[in-house]
Amino acid sequence: MKLEIYLLALTVLAVGALRAQAQGPLHDQVTVNLPFHVRVGDKILEPSRYAIRQVSGTVLQIVKNPDDPKNMRVEAAMFTIPTESARASGETKVVLRRFDRRLYLDQVWVQGKGSGYEFPLPENVKALERERRVTASVYYPYVPWSADRSTDDHVE
169 MKLEIYLLAL TVLAVGALRA QAQGPLHDQV TVNLPFHVRV GDKILEPSRY
219 AIRQVSGTVL QIVKNPDDPK NMRVEAAMFT IPTESARASG ETKVVLRRFD
269 RRLYLDQVWV QGKGSGYEFP LPENVKALER ERRVTASVYY PYVPWSADRS
319 TDDHVE
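If you want it as structure tokens, here you go:
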């Protein structure tokens, strides 16, 4: 009886391991060459080759020169965003966003996935973006044009 329970437990573990292996890696990794200084939160990434990998549901790790044992590592908070359509992303890409001559790591999309990763912008950049969206109302009196007015007339 104990042998049967042991074999059953071993079979369940083996099937679970095979199923997990068939699903592929649970965490994504993208390698990218950044030719510019790019900001992620309050960190600045220098131009170099980076590996961007998911380490948890809310954190991506960015590793400079992943083959170098003395590499720089940055962990950045992110959140998952769905693709614009119901289909999976057609390509792997890293999206940068420009604010006041500074580039920020904005999104990472992985080919074949139905979602991507988005990095929250620093609070000062969000404030600047809100400020730029503000519309101003300007009062300007409408004066209808009449044919008997000369072109030299102007509104004061």
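For the record, in the sequence shown the residue sitting at position 13 is 181 according to this note's numbering, with numbers rising by one throughout.
Idealized CB from N, CA, C, for every residue including glycine.
Annotated as distal: Y272 and R217, with beta-carbon spacing of 8 Å or more. The three-state secondary structure of N239, taken from DSSP, is coil. Here D210 is exposed: its Cβ has fewer than 16 other Cβ atoms, across all protein chains shown, within 10 Å. At the C-beta level, V263 and V198 stay beyond 8 Å of one another. Minimum Cα-Cα distance from N239 among the listed residues Y308, R266, Q229 corresponds to Q229. Taking C-beta atoms under 8 Å as the contact rule, G282 and T260 fail to qualify, at a distance of about 14 Å. When secondary structure is reduced to three states using DSSP, R269 falls in the coil class, being assigned neither helix nor strand. If the five residues before and after A256 are omitted, its C-beta is found closer than 8 Å to the C-beta atoms of Q279, G280, K281, G282, all from its own chain and listed in chain order.
The C-alpha of S305 is placed about 45 Å away from the C-alpha of N201. With fewer than 16 other CB atoms across the displayed protein chains lying within 10 angstroms of its CB, W313 is exposed. In the displayed model, V293 falls within a helix according to three-state DSSP. Here the C-alpha atom of H195 lies approximately 56 Å from the C-alpha atom of Y307.
Beta-bridge annotation (DSSP): Q222 is paired with L228. In this structure, the beta-carbon distance from M246 to E297 does not fall below 8 Å. In the three-state reduction of the DSSP assignment, E299 falls in the helix class.
Between A219 and P237, the C-beta spacing is not below 8 Å.
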